[in-house]
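Q: Numbering (our numbering), first residue to last: 1 to 274.
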Amino acid sequence: PADADAETRRQQIRRSMAEFFKRATPITGAAPSYAPSFTPRRAHPGISGVPETPAEPTRPGPVDAPPQPELRTTDTADAPPGSPGPVIQIHRCYLVAETPDGLLIIDQHALHERILFEQLSQQFTRGPLESQRLLLPEIIDVSPDQVAVIESHDDTLHRIGLELSAYGPGSIAVHAAPSLLRPERTREFVRDLIDRLTDRQAPASTELLVNDLLAMMACKAAVKAGDSLTPDEIAALMSQRPRVDRSTNCPHGRPTSLRLTIADLERQFKRTGF
Numbered sequence: 001p002a003d004a005d006a007e008t009r010r011q012q013i014r015r016s017m018a019e020f021f022k023r024a025t026p027i028t029g030a031a032p033s034y035a036p037s038f039t040p041r042r043a044h045p046g047i048s049g050v051p052e053t054p055a056e057p058t059r060p061g062p063v064d065a066p067p068q069p070e071l072r073t074t075d076t077a078d079a080p081p082g083s084p085g086p087v088i089q090i091h092r093c094y095l096v097a098e099t100p101d102g103l104l105i106i107d108q109h110a111l112h113e114r115i116l117f118e119q120l121s122q123q124f125t126r127g128p129l130e131s132q133r134l135l136l137p138e139i140i141d142v143s144p145d146q147v148a149v150i151e152s153h154d155d156t157l158h159r160i161g162l163e164l165s166a167y168g169p170g171s172i173a174v175h176a177a178p179s180l181l182r183p184e185r186t187r188e189f190v191r192d193l194i195d196r197l198t199d200r201q202a203p204a205s206t207e208l209l210v211n212d213l214l215a216m217m218a219c220k221a222a223v224k225a226g227d228s229l230t231p232d233e234i235a236a237l238m239s240q241r242p243r244v245d246r247s248t249n250c251p252h253g254r255p256t257s258l259r260l261t262i263a264d265l266e267r268q269f270k271r272t273g274f
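Dropping the structure here:
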């Protein structure tokens, strides 16, 4: 009888979770079956390259209701067997999906960072990364010692898509940057890159240094916590996840996902094992 009661509770929890996902805001269309590009669009640090439509302003009524959390879901009608169910974005930071035995919670930044890092690494093995020339050079103040370090790594920087030159005794000019980066992130990336090159703990080998720089680039280009993702962007992330090596961790070691089983939930709600 005790086993039967426990199984009944599990079935009730599964039905409740399924009902929760059904109530999330529905969307039209299924997840794309193609392998999407993860080059972020210029207007928004997203994924699919589809411009985001600004929301229409609303006129407040006599009594405004408190804002409600926005739920964005994906339709998984064409998803392969065994893949997570409908996926929602919560707090513009995490993606949550129902699994056969519980919940899958994904850090959108960490997962996108891992995907970009693997793509950059593969591109780097084939040749220099694609770069884009800036309309006007970005001038960054540096010390004379930093200029010397930058010049000593000129070949490596060129291979990752950066074109830099000395601009007087205390500054450098950025003429081209990796195409993956949004223009407004170029200065921040170059500043962090310079700090890494001049760090005494920087890797001695070129291979390890390139690995560090590609991880840094992926981090700067990936979607951030606070970025609202469209259903297509969520679907694109989820479709790439099983195809990426080491998708459980970002390049810096942070986990990309967390699993909660039905048993975990039952213990937390003191339904069993307490």
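Glycine included, C-beta positions come from ideal geometry on N, C-alpha and C. Note that the coordinates shown come from a computational prediction; the quantities given were computed from them, not determined experimentally.
What's the gap between the Cα of Leu181 and the Cα of Lys270?
A: 47 Å
Q: Could you name the residues of the same chain whose beta carbon sits closer than 7 Å to that of Ala177, not counting the 5 residues immediately before and after it, in chain order?
A: Ser131, Gln132, Leu134, Gly161, Leu162 and Thr186
Q: CB-CB under 8 Å to His158, same chain, minus the five flanking residues each way: which ones, in chain order?
A: Pro128
Q: If you measure between the beta carbons of Pro275 and Pro169, is that distance less than 7 Å?
A: Shown here, the chain extends from 1 to 274; a query on residue 275 therefore has no answer.
Q: Going by the DSSP bridge assignment, what does Val87 pair with across the sheet?
A: Ala97
Q: Should Ser33 be labelled buried (16 or more other beta-carbon atoms within 10 Å of its own) or exposed?
A: Residue placement at Ser33 is flagged as unreliable, the pLDDT there being 36, under the threshold of 50; a coordinate-derived value is accordingly withheld.
Q: Determine whether the beta carbon atoms of Glu113 and Ala218 lie at a separation below 7 Å.
A: Result yes, Cβ atoms of Glu113 and Ala218 sit closer than 7 Å.
Q: Quick check: what's the CA-CA separation for Ala222 versus Leu116?
A: 7 Å
Q: Assuming Val149 is part of the alpha helix (DSSP H), what are its boundary residues?
A: Pro144 to Ser152
Q: Just to confirm, is the Cβ distance from His153 to Lys224 under 7 Å?
A: no
Q: Could you check if Thr206 is buried or exposed, using at least 16 other CB atoms within 10 Å of its CB as the buried criterion?
A: exposed
Q: Within this structure, are the beta carbons of Ile88 and Ser257 separated by less than 7 Å?
A: Contact flag unset, no.
Q: Which runs of the alpha helix (DSSP H) fall wholly inside the segment 197 to 247 and span at least 4 residues, in chain order?
A: 206 to 221 and 231 to 240
Q: Report the option in Pro242, Leu229, Ile262 and Thr261 whose CA atom is closest to the CA atom of Arg92.
A: Leu229
Q: Would you tell me roughly how many angstroms separate the C-alpha atoms of Asp141 and Ser179, rounded to the nearest one?
A: 23 Å
Q: Return the CA-CA distance between Arg243 and Val174, expressed in angstroms with no decimal places.
A: 35 Å
Q: Can you tell me which of Gly226, Cys250 and Asn211 puts its alpha carbon nearest to the alpha carbon of Gln122?
A: Asn211
Q: Should Asp264 be labelled buried (16 or more other beta-carbon atoms within 10 Å of its own) or exposed?
A: By the neighbour-count rule (16 or more Cβ atoms within 10 Å), Asp264 is not buried but exposed.
Q: Within the same chain, show all residues whose beta-carbon is closer than 7 Å to that of Val147, passing over the 5 residues directly before and after it, in chain order.
A: Ala166 and Ile172
Q: Which residues in the same chain have their Cβ closer than 8 Å to the Cβ of Pro84, if we skip the five residues on either side of it in sequence?
A: Thr76, Ala97, Glu98, Thr99, Leu104 and Met238
Q: Tell me the rounded alpha-carbon separation between Glu118 and Asp245.
A: 7 Å
Q: To the nearest angstrom, report how far apart Lys220 and Glu266 are at their CA atoms.
A: 39 Å
Q: Since Thr261 contacts Asp101 with CB under 8 Å, what's their CB separation in whole angstroms?
A: 5 Å
Q: Tell me, please, which residues DSSP counts as bridged to Val174.
A: Glu138 and Leu164
Q: Applying the 10 Å Cβ sphere with the 16-neighbour rule, what's the burial state of Ile139?
A: exposed
Q: Could you check where the alpha helix (DSSP H) with Thr272 kicks off and where it finishes?
A: Looking at the DSSP string, Thr272 is not in any alpha helix (DSSP H), and its letter there is neither H nor E.
Q: Check Arg296 in the structure and name its three-state DSSP category.
A: As shown, the chain starts at 1 and ends at 274. That puts residue 296 outside it, with no answer to give.
Q: Ordered along the chain, which non-local residues of its own chain (more than five positions away) have a Cβ less than 7 Å from that of Pro251?
A: Glu113, Arg114, Phe117, Ala215 and Ala218
Q: May I ask you to report which of helix, strand or coil DSSP gives Arg279?
A: Only positions 1 to 274 of the chain appear in this structure, which leaves residue 279 out of reach.
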